[in-house]
Ligand SMILES: CC(C)(COP(=O)(O)OP(=O)(O)OC[C@H]1O[C@@H](n2cnc3c(N)ncnc32)[C@H](O)[C@@H]1OP(=O)(O)O)[C@@H](O)C(=O)NCCC(=O)NCCS
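Residue numbers (this note's numbering): 324 to 504.
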């Protein structure tokens with residue numbers, strides 16, 4: 324497997340709409356995305372704007388996943404804490420791509436944005452594979468927001484908040500939260 328990352332450009336909007344609608348996304352509020360809604364959100368800058376950048380995750384030339392990095396701030400020197408959303412197509416899951424992509428993303432942010440001190444990620448408590456990926460990539464559980472993740476036609480579930488520090492990334496360490504401090 325030869326995983327590469329290519330920045331999303333608007334010219335690829337139909338490819339992105341295909342990607343988002345050819346699969347379903349169980350742990351998201353919108354499990355089955357609507358093609359027109361995806362196209363509209365692309366036009367409105369949801370996937371690329373001043374503080375958002377998105378990347379295809381490709382194996383050879385095939386799009387196997389997509390990652391959207393947001394809250395990057397107004398410019399490359401901004402210190403706002405970024406977040407991300409990652410989607411791997413179901414037939415490519417559990418092959419290590421999610422982990423490779425999150426590691427790439429962390430390297431990308433800390434290498435290209437000198438004033439980023441941390442990256443955050445929030446996921447549903449029952450999204451076991453995402454939680455495993457985050458933990459394998461050096462993220463630490465920092466929060467649990469009870470019954471905060473909306474689920475359509477069902478009761479809310481807990482959200483788990485993770486973070487990775489630039490200092491840990493630089494030193495190849497994982498610093499636990501000091502809960503008793
Ligand atoms: C979450 C997601 C990005 C992970 O990507 P991926 O390519 O499958 O991840 P990886 O293969 O790198 O790692 C998945 C890990 O979870 C483990 N896993 C998967 N399902 C599991 C389960 N039900 N119980 C325990 N472990 C599980 C795998 O064994 C693997 O761990 P390992 O490498 O130690 O064996 C992918 O599943 C996805 O796109 N899901 C739908 C969208 C989504 O939920 N995105 C996150 C939004 S916050």
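Glycine is no exception: its CB is placed at the ideal position from the N, C-alpha and C atoms.
Please read these numbers as outputs of a predicted model, since none were measured by experiment.
When you measure from the CB of residue 415 to every non-hydrogen atom of ligand 1, does any distance come out below 8 Å?
In the chain shown, counting from the first residue as 1, residue 415 sits at position 92. Answer for residue 415: yes, Cβ within range of ligand 1.
What is the DSSP secondary structure of residue 472, reduced to helix, strand or coil?
Here residue 472 corresponds to residue number 149 of the chain shown, with the count starting at 1. Strand.
State the Cα-Cα distance for the pair residue 332 and residue 362, rounded to the nearest angstrom.
Within the chain shown, residue 332 is the residue found at index 9, counting from 1. Within the chain shown, residue 362 is the residue found at index 39, counting from 1. For residue 332 and residue 362, the distance between alpha carbons rounds to 13 Å.
What do you reckon, is the C-beta of residue 456 under 8 Å from a heavy atom of ligand 1?
To locate residue 456, count along the chain shown from 1; it is residue 133. Yes, the Cβ of residue 456 comes within 8 Å of a heavy atom of ligand 1.
Taking just the CA atoms, how far does residue 479 sit from residue 377?
The sequence position of residue 377 within the chain shown is 54, counting from 1. The sequence position of residue 479 within the chain shown is 156, counting from 1. About 28 Å.
Taking 8 Å as the cut-off, does the CB of residue 388 come closer than this to any heavy atom belonging to ligand 1?
On the chain shown, residue 388 is found 65 positions in, with the first residue counted as 1. True, at least one ligand heavy atom lies under 8 Å from that Cβ.
Give, in chain order, every unbroken run of the alpha helix (DSSP H) that is at least 4 residues long and sits entirely within the segment 353-392.
For the segment 353-392, whole alpha helix (DSSP H) runs of length 4 or above, ordered along the chain, are 358-366.
Please find out if some non-hydrogen atom of ligand 1 comes closer than 8 Å to the beta-carbon of residue 344.
Numbered from its first residue, the chain shown carries residue 344 at position 21. It does not: the Cβ of residue 344 is nowhere closer than 8 Å to a heavy atom of ligand 1.
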